[in-house]
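Since the structure comes first, as structure tokens, the remarks are kept for the end.
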């Protein structure tokens, strides 16, 4: 036996791990049971809301696409579930960005909980870190690189010395940027996430309209080169800062010193940095920007929702 | 009203924040009450263990210095508390590094919980991130810069081109390194933290003897310069890696590519990086390395111990 190897097979000892296994193995079975017990699945014309109404379940996992116009169809799904007293785990930002206050009040009234990790940068743990790891501190400010596409475009402009248009086209060819990239490059995706993060952390009820938003569409190669000459980096930063008891929300390209912990976050990576009173600055980075990463964030919320802190 | 400012004073809405306030305000009051109700405090000859025996309390907060020889006096304090069924929040690594298995079994038997965030890199959230933010993933490997002193010395050698001895003396003059720095520079502090982190994450019962430990005392300026020329960085890394179902534990100076998320962690900063199956890599860095940072980590554990996940 090597000195640096333990002599037992690795065994899980936390109830959380056991729960994970049950959830992983059980999900398929539960789904099968739900479909068998509820004859209506797959019936033409059956809506999601009707299914939620009729199925007996404790939790709704919402994963329809984000819609910032009216929040549908997620809005109806989530309101229906919360009206019934179901907990919600959501990867969909829309309903929470648009109806944060209303959903919060309804959930409190019906004694159910809303879990939105997957909606706020997916596998990058933004809200969990604030809620658990910073418990007892006062958060003074939050800065985040919350959108992988824009960070990829800015990183590529810097590394290859190419224009915004060329970098964006490259990102589209790799499938990192969407055909219509406006939601990302105009800063709206970052702003949506900042709404959710700042509402949770600072107990606010802000909406997109409360954020001053500037995207990356006007960042020129000259801006990037000048920053590099000055030993700085340009990043699209979503920020919330506590100033005289009020929270200022911003999304804009910012010049960061190269020592700033977000300065070295490159490519499609995301990160968030919290400044606190008693713990100083704590920064988290990484987390797969992929459907698997988002699904893992949903599973995480589902597990944490049903586990006492240990 | 400015567009980017919310129009309400910031109000806390989470039960966790309310609890924080109660704890902050209540700690002084509780301490006064405990002293008043228990006439023995301050009596010459009264031991910590006797006080723990006689006072009626739910939680022991242990903050005596780490002792890796026999774990005292913390060992007696913690065993006494757990025998009584008290939860323990500890900043003291010693008893957990030496008696991890015994304390774990006793705590399970007496239905109490052991919270050791403050003992495992204090304000840098190592265990919380693994437990909450990575719930549902399989951790494949852990790499950490877990000791501020050694990271400061290596950073200074690189930045100033000075020898190990000169950098260490500078760290001692600034109060970053202790007069006897051996616990830090020989890698034992990092190894102690790796024991706790890997035991929690992988459900092991390892001790210091299971770790191959190499400190930074043999790192020469030449090594550092060669690394810089090769666009790499030397960092003292504690690591745990899952290989064929077994966990390999190591502490050693390692060459990191400059793109590695731990490569940009400089000065007395600490960081930990988790590689997972479904979320990819997630890295946390920062957290004040100070008595305030350690106290904040104790408060965090105390709050999380008494809050359901929300």
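Chains as they are written, first to last, in our numbering: chain X, 32 to 341; chain S, 32 to 341. Ideal placement from N, C-alpha and C gives every residue a C-beta, glycine not left out. Remember, predicted model here, so these are calculated numbers, not experimental data.
- Residue environment analysis places residue 100 of chain S among the exposed positions, since fewer than 16 neighbouring C-beta atoms fall within 10 angstroms of its C-beta.
- For residue 120 of chain X, not one C-beta of chain S is nearer than 9 Å to its own C-beta.
- Beta bridge pairing from DSSP links residue 305 of chain X with X:173 and X:313.
- Shown here, residue 149 of chain S sits in coil according to DSSP, grouped into three states, outside any helix or strand.
- Bounds of the beta strand (DSSP E) holding residue 284 of chain X are 277-288.
- Residue nearest to residue 245 of chain S within the set S:229, S:267, S:234 and S:262 is S:267 (criterion: CA-CA distance).
- DSSP places residue 80 of chain X within a helical segment (H, G or I) once states are collapsed to three.
- By the Cβ-count criterion, residue 174 of chain X is buried, with 16 or more other Cβ atoms from all chains shown falling within 10 Å of its own Cβ.
- Residues of the stretch 298-312 of chain X that bring their beta carbon within less than 7 Å of a beta carbon in chain S comprise 309, 310, 311 and 312, in sequence order.
- Against chain S, the CB of residue 331 of chain X has a partner CB under 9 Å away; the residue lies at that interface.
- By the Cβ neighbour-count rule, residue 270 of chain X is buried, with 16 or more other Cβ atoms within 10 Å of its own.
- Assigned with DSSP and collapsed to three states, residue 101 of chain X falls in coil, not helix or strand.
- Nearest to residue 103 of chain X by C-alpha distance, out of X:191, X:84 and X:130, is X:130.
- In the DSSP assignment, residue 274 of chain X is bridged to X:277.
- Following the DSSP letters along the chain, one finds residue 226 of chain S inside the alpha helix (DSSP H) bounded by residues 219-233.
- At least one CB of chain X lies nearer than 9 Å to the CB of residue 314 of chain S.
- In the DSSP annotation of this structure, residue 253 of chain S is not part of any beta strand (DSSP E); the continuous alpha helix (DSSP H) holding it starts and ends at 252-260.
- Going by beta carbons, residue 127 of chain X and residue 152 of chain X fall outside the 9 Å limit.
- Per DSSP, the beta bridge partners of residue 92 of chain X are X:120.
- Residues of the stretch 131-144 of chain S with a Cβ closer than 7 Å to any Cβ of chain X, in chain order: 144.
- Think of a sphere of 8 Å around the beta carbon of residue 319 of chain X: the chain S residues whose beta carbon falls inside it are 309, 310 and 311, in chain order.
- The three-state secondary structure of residue 140 of chain X, taken from DSSP, is helix.
- Shown here, residue 334 of chain X sits in a helix according to DSSP, grouped into three states.
- One thing to note: residue 314 of chain S has its Cβ no nearer than 9 Å to the Cβ of residue 319 of chain X.
- Here residue 228 of chain X is near residue 157 of chain X, since their CB atoms are less than 9 Å apart.
- Residue pairing by DSSP places residue 185 of chain S in no beta bridge whatsoever.
- Beyond the five residues adjoining it in sequence on each side, residue 307 of chain S comes within less than 8 Å, by CB distance, of 165, 168, 169, 170, 171 and 313 in the same chain, given in chain order.
- Remark: three or more beta-carbon pairs, one from each stretch, lie closer than 8 Å, so the stretch 174-194 of chain S and the stretch 246-260 of chain S are flagged as touching.
- Sequence-distant Cβ neighbours of residue 184 of chain X in its own chain, meaning closer than 6 Å and more than five residues away, are 198, 199 and 202.
- Per DSSP, the continuous alpha helix (DSSP H) segment holding residue 213 of chain S begins and ends at 213-216.
- Closest by C-alpha distance to residue 337 of chain S, out of S:250, S:218, S:116 and S:90, is S:90.
- Secondary-structure assignment with DSSP links residue 269 of chain S through a beta bridge to S:175 and S:282.
- For residue 186 of chain X, none of the residues of chain S pass the 7 Å Cβ criterion, the least Cβ distance being about 11 Å.
- Contact of residue 323 of chain X with chain S is assigned, a C-beta pair being separated by under 9 Å.
- Residue 120 of chain S sits away from residue 143 of chain S, with the two beta carbons spaced by 9 Å or more.
- Measuring C-alpha to C-alpha distances from residue 240 of chain X to each of X:300, X:125, X:222 and X:232 identifies X:222 as the nearest.
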